[in-house]
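What follows is a single structure, written as structure tokens, with notes after it.
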Amino acid sequence: MLKRQTEGSVVCPNCGRLVGVRDERCFICGRWNPGLWGWGPSLARLGGDLGFANIVIGGCVGLFLIALLRDPSGIQMRGLLGLLAPAGSENLLLGASGAGPIFDFGRWWTVLSAAWLHGGLLHILFNMMWIRQMVPAVASLFGVGRMIMIYTIASVVGFGLTSFVYLLHLPGPLAGAGLTLGASAPLFGLFGALYLYGQRTGNHSISRQMTQFLLIMLVFGVVVPGVDNWAHLGGFAGGYLTAKILDPLKPEQQHHLLLGLACLGAMVLSIVVSVLHGMSLGWPETIAHFFR
Ligand SMILES: [Zn+2]
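With the sequence shown counted from 1, adding 629 to any position gets you my numbering.
Structural data, given as structure tokens:
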């Protein structure tokens with residue numbers, strides 16, 4: 630049951646130490662608003678990120694299984710990265726993004742839904758391992774509402790950028806994506822937010838580490854075909870700019886949590902709209918045509 634506590638101590642959802650319910654910041658780990666406006670004790674069992682990492686992991690794994698099970702004959706085994714890849718038409722129906730879905734089919738909302746879909750077993754495994762690490766880390770520094778806002782806007786900027794760059798017809802690894810998906814665009818937004826946090830607080834080792842991640846992943850993306858470098862770069866930039874506007878040195882406000890929940894709602898809605906819109910177009914015939 631949800632019960633609000635207005636006095637006394639609560640357990641910090643991030644570090645587990647006792648703090649005052651009205652404290653602006655946990656004096657041990659620095660987490661903003663550890664009492665969550667008094668809702669902390671009721672929400673504590675969800676964890677420091679209010680369960681967002683579990684929601685992302687559960688949603689991504691669930692959609693991955695749906696894509697596999699809806700068309701088992703379409704499952705592909707293309708090398709290591711394409712191991713157990715769901716049929717492309719299934720991921721398109723569920724909301725894969727890129728220049729094709731956005732400009733050919735008008736599915737602009739896929740800049741949100743694509744972050745919940747994956748193109749293979751290792752793809753989803755790596756992304757979910759990173760989500761489990763990064764989501765609670767960024768939530769502890771920015772608060773859970775602002776973390777979800779950063780995550781969502783990074784997804785929009787990452788998938789939007791790669792789709793627009795596709796129109797430029799750049800060669801080789803410089804090309805944008807006609808078709809793209811995966812949680813790494815918003816994940817890079819979390820890297821970008823930590824980079825900004827390091828800059829803003831003078832903790833330059835964090836920023837250096839994030840720069841290293843970005844560079845290693847870009848080199849990886851140039852060497853390994855099929856990696857969407859522009860979605861990664863755009864995600865990083867989107868997360869950085871959002872974090873800059875939200876300013877980690879200012880405390881998280883109650884309306885940030887509401888905006889974060891609205892972002893989560895918009896992401897869920899984008900998947901529902903993708904499926905309804907796809908079915909209204911006559912899937913998979915339309916999409917089979919698109920692939921030809
Ligand atoms: Zn704490």
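Every residue, glycine too, gets a C-beta built ideally from N, C-alpha and C.
According to the neighbour-count rule (16 or more other Cβ atoms, all chains shown, within 10 Å of its Cβ), is N832 buried or exposed? For this step, residue 832 is matched to residue 203 along the sequence shown. N832 should be labelled exposed.
Could you tell me which of V773, W759, L825, N858 sits nearest to G801, measuring between CA atoms? On the sequence shown, position 172 is the one that residue 801 refers to. For the residues V773, W759, L825, N858, the minimum Cα distance to G801 belongs to N858.
Following a CB-centred definition, is N662 positioned closer than 7 Å to any heavy atom of ligand 3? Ligand 3 is not among the ligands present in this structure, which contains only ligand 1.
Distance, T791 Cα to G907 Cα: Sequence index remark: in the sequence shown, residue 907 carries index 278 (1-based). Sequence index remark: in the sequence shown, residue 791 carries index 162 (1-based). Each residue's Cα considered, the two are about 22 Å apart.
What residue does the beta strand (DSSP E) around L713 start on, and which one ends it? Here residue 713 is taken as the residue at index 84 of the sequence shown, counted from 1. Where L713 is concerned, the enclosing beta strand (DSSP E) stretches over 711-714.
Flag this pair as yes or no: are the beta carbons of H861 and L847 separated by less than 8 Å? Translated into positions along the sequence shown, residue 861 becomes position 232. Translated into positions along the sequence shown, residue 847 becomes position 218. Taking 8 Å as the Cβ cut-off, H861 and L847 qualify as a contacting pair.
Is N832 near ligand 1, judged by its Cβ being under 7 Å from some heavy atom? The sequence position of residue 832 within the sequence shown is 203, counting from 1. No.
Whole-angstrom C-beta distance between A822 and V764, which should lie under 8 Å: As a first step, residue 764 must be located in the sequence shown, where it is residue number 135. As a first step, residue 822 must be located in the sequence shown, where it is residue number 193. Contact doesn't hold; Cβ gap of about 11 Å is too wide.
Alpha helix (DSSP H) containing V773: first to last residue? Locating residue 773 in the sequence shown gives position 144, where the first residue counts as 1. V773 -> alpha helix (DSSP H) spans 773-795.
Quick one: using the 10 Å Cβ neighbour count with 16 as the cut-off for buried, is S899 buried or exposed? Within the sequence shown, the letter at position 270 stands for residue 899. Classification for S899: buried.
Hey, how far is the Cα of Q828 from the Cα of P670? By one-based count along the sequence shown, residue 828 stands at place 199. By one-based count along the sequence shown, residue 670 stands at place 41. Between Q828 and P670, the C-alpha separation is close to 33 Å.
Whole beta strand (DSSP E) elements within the stretch 677-734, 3-residue minimum: 705-707, 711-714
To the nearest angstrom, how far is it from the Cα of G867 to the Cα of G688? In the sequence shown, residue 867 corresponds to position 238, counting from 1. In the sequence shown, residue 688 corresponds to position 59, counting from 1. Distance between the alpha carbons of G867 and G688 is about 22 Å.
Top-ranked residue by Cα proximity to G807, from G729, Y869, V786: Counting from one through the sequence shown, the residue named residue 807 turns up at place 178. Checking every option, the nearest Cα to that of G807 belongs to G729.
Only counting the same chain, and skipping five residues up and downstream in sequence, which positions put a Cβ closer than 7 Å to that of H752? Residue mapping note: residue 752 aligns to position 123 of the sequence shown, counting from 1. For H752, where only same-chain residues beyond five positions count, the Cβ hits under 7 Å are L710, G811.
Answer yes or no: the CB of R646 versus the heavy atoms of ligand 1, is any distance below 7 Å? As a first step, residue 646 is located in the sequence shown; it is residue number 17 there, counting from the start. Within the cutoff, so yes.
Using a Cβ-Cβ cutoff of less than 6 Å, which residues in the same chain neighbour R736 once the five nearest sequence positions on both sides are dropped? Numbered from 1 along the sequence shown, position 107 holds the residue referred to as residue 736. Around R736: P730.
Drop a sphere of 10 angstroms on the beta-carbon of I874, count the other beta-carbons inside from all chains shown, and report buried for 16 or more, exposed for fewer. Within the sequence shown, residue 874 is the residue found at index 245, counting from 1. That one is exposed.
For A743, collect the residues of the same chain with a Cβ closer than 8 Å to its Cβ; drop the 5 residues on either side in sequence, then sort them by chain order. On the sequence shown, residue 743 is found 114 positions in, with the first residue counted as 1. Within the same chain, A743 has close Cβ partners G724, A725, S726, G727, S784, F788, T809, L810, G811, A814.
Hey, would you say the C-beta of N643 is under 7 Å away from at least one heavy atom of ligand 1? Counting from 1 along the sequence shown, the entry for residue 643 is found at position 14. Answer for N643: yes, Cβ within range of ligand 1.
Could you name the residues of the same chain whose beta carbon sits closer than 6 Å to that of R646, not counting the 5 residues immediately before and after it, in chain order? As a position in the sequence shown, residue 646 is number 17, starting the count at 1. Closer than 6 Å at Cβ, skipping near neighbours: I657.
Name the residue from G855, L878, V897 whose alpha carbon lies nearest to the alpha carbon of S924. The structure shown does not extend to residue 924, since the chain is modelled only from 630 through 921, so no value can be given for it.
Would you mind working out which of I779, L803, A895, I686 sits nearest P854, comparing C-alpha positions? Counting from one through the sequence shown, the residue named residue 854 turns up at place 225. Of the candidates I779, L803, A895, I686, the one whose C-alpha sits nearest the C-alpha of P854 is L803.
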